[in-house]
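Numbering (the numbering used here), first residue to last: 897 to 1092. Cβ atoms here follow ideal geometry from the backbone N, Cα and C, with glycine treated the same way. A short worksheet on the structure shown next.
What follows is the structure, given as structure tokens:
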């Protein structure tokens, strides 16, 4: 379905994909990387593939954590996993009807725009069906990395399923037959975390 070539960027879901899922976490001390996350991100960075985070954080809309607490958790994520080229964060709840909250494609489209690549040149990595639906809606390649909370039907509906983050990076980098014109965008770091 997708051409085998180097991606313009790899966009990761945060909770349950890069870090252990602690519902509505506002405490940086509770941030724990998922197995293989540090190594997987390191391999992508060494290959000059931009990496970004696309995450729903409805706890802010629900009043369960403040924007500042969310920012502290994100800072801890970067402390443990290294800097990301972009962050796209939806702080809305399902009832808000926004176009950014996954499974809508807005976060994928925004992260791609910040990185100056087409969403079609992105790989979206996540642990639930919403992540894969957002990828599909944006025209991106989606790779599901199931966890204990992933539903069986989400696994069956996913276009591509990987065993873990190491498997994801093996797939993405083995597809990189020839470089695409995409370059990491260090200027994106100065833009801060985009949230709507």
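Buried versus exposed call for residue i [16 or more other C-beta atoms within 10 Å across all chains shown]
i            : result
residue 1015 : buried
residue 1047 : exposed
residue 1055 : exposed
residue 952  : buried
residue 981  : buried
residue 1084 : The pLDDT assigned to residue 1084 is 37, lower than 50, so where the model puts this residue is not dependable; a value taken from the coordinates is nonetheless given after this. When all chains shown are included, residue 1084 counts as buried.
residue 1075 : Only weak support is given to the placement of residue 1075: the predicted model assigns it a pLDDT of 42, under 50, and the value that follows is read from those uncertain coordinates. Label assigned to residue 1075: exposed.
residue 907  : buried
residue 1008 : buried
Close-in-space but distant-in-sequence residues of the same chain around residue i (CB under 7 Å, 5 per side omitted)
i            : result
residue 915  : 927, 928, 929, 930 and 973
residue 1057 : 1040, 1042 and 1051
residue 897  : Bear in mind that the predicted position of residue 897 carries a pLDDT of just 49, short of 50, making it unreliable; the figure below should be weighed with that in mind. Correct list, in chain order: 1055.
residue 1060 : 931, 932 and 1041
residue 1069 : 939 and 943
Contacts around residue i, its chain only, beta-carbon distance under 6 Å, and the 5 residues preceding and following it disregarded
i            : result
residue 955  : 920 and 961
residue 1036 : 1004, 1015, 1018 and 1020
residue 910  : 949 and 951
residue 912  : 1023 and 1043
residue 1029 : 999
residue 997  : 952, 986 and 988
For residue i, the nearest candidate out of the options (CA to CA)
i            : options                 : result
residue 959  : 970, 989, 949 and 903   : 989
residue 937  : 1031, 1001, 998 and 905 : 905
residue 1010 : 922, 946 and 923        : 946
residue 933  : 1022, 1001 and 957      : 1022
residue 985  : 976, 999 and 975        : 999
residue 971  : 987, 924 and 991        : 924
residue 1053 : 1027, 1060 and 1008     : 1027
Beta-carbon spacing of residue i, residue j below 8 Å
i            : j            : result
residue 1038 : residue 1031 : yes
residue 1045 : residue 917  : yes
residue 1006 : residue 978  : no
residue 1033 : residue 1001 : yes
residue 939  : residue 1064 : no
residue 975  : residue 1062 : no
Residues near residue i in its chain [Cβ-Cβ closer than 8 Å; skip 5 each side]
i            : result
residue 922  : 955, 960, 961, 962, 965, 966, 968 and 969
residue 1067 : 1039, 1056 and 1058
residue 994  : 986, 988, 1000, 1002 and 1092
residue 1049 : 1025
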